[in-house]
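**Q** Below is a structure I'd like to ask you about.
Residue numbers (the working numbering): 136 to 571.
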């Protein structure tokens, strides 16, 4: 192979690039749909509900704004911590901010709205009755909620797999997006649970102190069992990623299906045990659940290490052909060197930092494209390879591409201010030319 010269590309203004980008319109549509879903959900939970039981009519008071504000106060720390964990997990083939936002927003707004309506319908079909007490009505939580909720959370993953195509092949990346969808769902669900518990304790004298009731639920759902939704949806993400990276048609079908079934069964067992078993047994099962979580964490760590090795091996193919320098494979294959290159670039200014992040992302895409070629998953990769290599060469002068030996730059704020003081008022001559 011979060296491919970079092709200069005239970049349009940012607003033209945004309008031409299909992701802009996808996000705009999602924001509008999510806003409508959230408003409708608020109207439903805030309104009073008329009920009739044994010939007597009554009214179940809706959740007050005070209870919703209190619930939000207790729910957001759990969502923030888990979101940071899953965003940090996606280090090699890091997605753009809009993909993370899309997954979280889908889980928090659209998935919860669909689940609320479908679960209510299925509860009626199962002839399950329950009052305002959130502890009542265990039937839907065991039989219908796991399937409905996991389907809604996973729908965004399958939609992204169709839209992103070959760019969604990393197991760690898919688990990260699945976790964000699950965290968004759990965030809104926790708000509703906490608000209902507070509301119920305020209108029921036998329920005890409202603050104590909410705190017990916060410890249960926000701390001890906060891994539930991310764990279950991650199983679907793992199965989907394994299917996308396989050449076998059977694996492409059965891997996502198996992951989804495992998510539903795990969710069903989790809800069922929580509903019928005493606390003494649940404490023992909690350690079993922690063991499962630890196993998933170990699996993801191993996958991350393997992805780093894969990036090195695939980029070395281009190094041997003379298309890339050896430093690219060295920098892009290790998280520590990637982070150091980004930090050094940040010390030299936001523009260099942004170009460095784009260089790392393009180089990683090239490695995954080469891996797809080796696996036989891409039949005509030639133009795409040339495009990515050219893009790396265009970014190379403006990015930090060699991490070894790179040093942080001192802040240039004072030098910048000094230049501003010493420069003339304008660039015109301040005196007349000498006369002849």
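C-beta: ideal position from N, C-alpha, C; glycine also.
(1) Using the three-state DSSP reduction, which class does residue 297 fall into: helix, strand or coil?
(2) Taking the beta carbon of residue 255 as the centre, do at least 16 other beta carbons fall within 10 Å, making it buried, or is it exposed?
(3) Could you give the C-beta distance for residue 363 and residue 405, rounded to a whole number, given that I count them as a contact under 8 Å?
(4) Once the 5 residues before and after residue 533 are set aside, which same chain residues still bring their CB inside 6 Å of it?
(5) Give me the Cα-Cα distance between residue 200 and residue 328, rounded to the nearest whole angstrom.
(6) Kindly indicate which residue of 447, 345, 197 has the alpha-carbon position closest to the one of residue 183.
(7) Taking the alpha-carbon of residue 361 as reference, which of 463, 538, 375, 323 has the nearest alpha-carbon?
(8) CA-CA distance, residue 208 and residue 231?
(9) What ranges does the alpha helix (DSSP H) occupy inside the stretch 164 to 221, keeping only unbroken runs of at least 4 residues that lie completely in it?
(10) Between the Cα of residue 330 and those of 310, 441, 352, 467, spot the shortest distance and give me the residue it belongs to.
(11) Quick check on residue 408: does DSSP put it in helix, strand or coil?
(12) I'd like the list of long-range same chain contacts for residue 240, defined as Cβ closer than 8 Å, with 5 residues on each side in sequence excluded.
(13) Taking contact to mean at least 3 C-beta pairs separated by less than 8 Å, is the stretch 375 to 388 in contact with the stretch 300 to 318?
(14) Residue 428 lies in the alpha helix (DSSP H); which residues open and close that run?
(15) Using DSSP with H/G/I as helix, E/B as strand and the rest coil, what is residue 343?
(16) Does the distance from the CB of residue 283 to the CB of residue 366 come in under 9 Å?
(17) To the nearest angstrom, how far is the alpha carbon of residue 163 from that of residue 244?
(18) Which two residues bound the contiguous alpha helix (DSSP H) that contains residue 373?
(19) Please return the same chain residues whose Cβ sits closer than 6 Å to the Cβ of residue 453, not counting the five positions on each side in sequence.
(20) Taking C-beta to C-beta, are residue 467 and residue 492 nearer than 9 Å?
(21) So, under 8 Å CB-CB, residue 303 and residue 379 are touching, yes? Tell me the CB distance rounded to an integer number of Å.
(22) With the cut-off set at 9 Å, would you say residue 237 and residue 180 are in Cβ contact?
(23) Could you have a look at residue 337 and say whether DSSP puts it in helix, strand or coil?
(24) Counting along the chain, where does the alpha helix (DSSP H) carrying residue 494 start and finish?
(25) Once you ignore the five residues that flank residue 569 on each side, which residues in its own chain have a CB closer than 6 Å to its CB?
(26) Between the Cα of residue 522 and the Cα atoms of 403, 501, 347, 428, which residue gives the shortest distance?
(27) Considering only their Cβ atoms, is the gap separating residue 334 from residue 202 smaller than 9 Å?
(28) Cα separation between residue 155 and residue 233?
**A** According to the data block:
(1) Residue mapping note: residue 297 aligns to position 162 of the chain shown, counting from 1. Residue 297: helix per DSSP, three-state reduction.
(2) Counting from one through the chain shown, the residue named residue 255 turns up at place 120. Counting Cβ neighbours within 10 Å, residue 255 comes out exposed, since fewer than 16 surround it.
(3) As a first step, residue 363 must be located in the chain shown, where it is residue number 228. As a first step, residue 405 must be located in the chain shown, where it is residue number 270. Confirmed, Cβ separation roughly 6 Å.
(4) Numbered from its first residue, the chain shown carries residue 533 at position 398. Result list for residue 533: 490, in chain order.
(5) As a first step, residue 200 must be located in the chain shown, where it is residue number 65. As a first step, residue 328 must be located in the chain shown, where it is residue number 193. Taking the straight line joining both Cα atoms gives about 14 Å.
(6) Taking the chain shown and counting its residues from 1, one reaches residue 183 at position 48. Among 447, 345, 197, the Cα nearest to that of residue 183 belongs to 197.
(7) Position 226 of the chain shown, counted from the first residue, corresponds to residue 361. That would be 323, whose Cα lies nearest to the Cα of residue 361.
(8) As a first step, residue 208 is located in the chain shown; it is residue number 73 there, counting from the start. As a first step, residue 231 is located in the chain shown; it is residue number 96 there, counting from the start. Rounded to whole angstroms, residue 208 to residue 231 spans 28 Å at the Cα level.
(9) none
(10) What you label residue 330 is simply residue 195 of the chain shown in a count that begins at 1. Looking at the Cα atoms, 352 is the closest of the given residues.
(11) Within the chain shown, numbered from 1, the residue matching residue 408 stands at position 273. The answer is helix: DSSP assigns residue 408 an H, G or I state.
(12) Against the chain shown, residue 240 aligns to sequence position 105. For residue 240, where only same-chain residues beyond five positions count, the Cβ hits under 8 Å are 165, 166, 169, 319.
(13) yes
(14) Reading the chain shown from its first residue, position 293 is the one you call residue 428. Note, residue 428: alpha helix (DSSP H), 414 to 455.
(15) Along the chain shown, read from residue 1 onward, the residue named residue 343 stands at position 208. Of the three classes helix, strand and coil, the one that applies to residue 343 here is coil, per DSSP.
(16) The residue given as residue 283 occupies position 148 in the chain shown. The residue given as residue 366 occupies position 231 in the chain shown. With contacts defined as CB atoms closer than 9 Å, residue 283 and residue 366 fail to qualify as a contacting pair.
(17) For the purposes of this step, residue 163 is taken as residue 28 along the chain shown, with counting starting at 1. For the purposes of this step, residue 244 is taken as residue 109 along the chain shown, with counting starting at 1. Going from the Cα of residue 163 to the Cα of residue 244 covers about 14 Å.
(18) By 1-based counting over the chain shown, the position of residue 373 is 238. Its alpha helix (DSSP H) spans residues 363 to 379.
(19) Here residue 453 is taken as the residue at index 318 of the chain shown, counted from 1. 459, listed in sequence order.
(20) Residue mapping note: residue 467 aligns to position 332 of the chain shown, counting from 1. Residue mapping note: residue 492 aligns to position 357 of the chain shown, counting from 1. No.
(21) For the purposes of this step, residue 303 is taken as the residue at position 168 of the chain shown. For the purposes of this step, residue 379 is taken as the residue at position 244 of the chain shown. Going by Cβ atoms, the distance from residue 303 to residue 379 rounds to 6 Å, so yes, they are a contact pair.
(22) As a first step, residue 237 is located in the chain shown; it is residue number 102 there, counting from the start. As a first step, residue 180 is located in the chain shown; it is residue number 45 there, counting from the start. Not closer than 9 Å, so no.
(23) Working through the chain shown from its first residue, we reach residue 337 at position 202. In the structure shown, residue 337 sits in a helix (DSSP, three-state: H, G or I).
(24) Along the chain shown, read from residue 1 onward, the residue named residue 494 stands at position 359. Segment 485 to 510, the alpha helix (DSSP H) holding residue 494.
(25) Working through the chain shown from its first residue, we reach residue 569 at position 434. Residue confidence for residue 569 is low, a pLDDT of 38 falling below 50, so the modelled location carries little weight and cannot support an answer.
(26) Translated into the one-based positions of the chain shown, residue 522 becomes position 387. Of 403, 501, 347, 428, the smallest CA-CA separation from residue 522 is found for 501.
(27) Walking along the chain shown from the start, residue 202 turns up at place 67. Walking along the chain shown from the start, residue 334 turns up at place 199. With respect to the 9 Å criterion, residue 202 and residue 334 are classified as neighbours on the basis of their beta carbons.
(28) By 1-based counting over the chain shown, the position of residue 155 is 20. By 1-based counting over the chain shown, the position of residue 233 is 98. Going from the Cα of residue 155 to the Cα of residue 233 covers about 15 Å.
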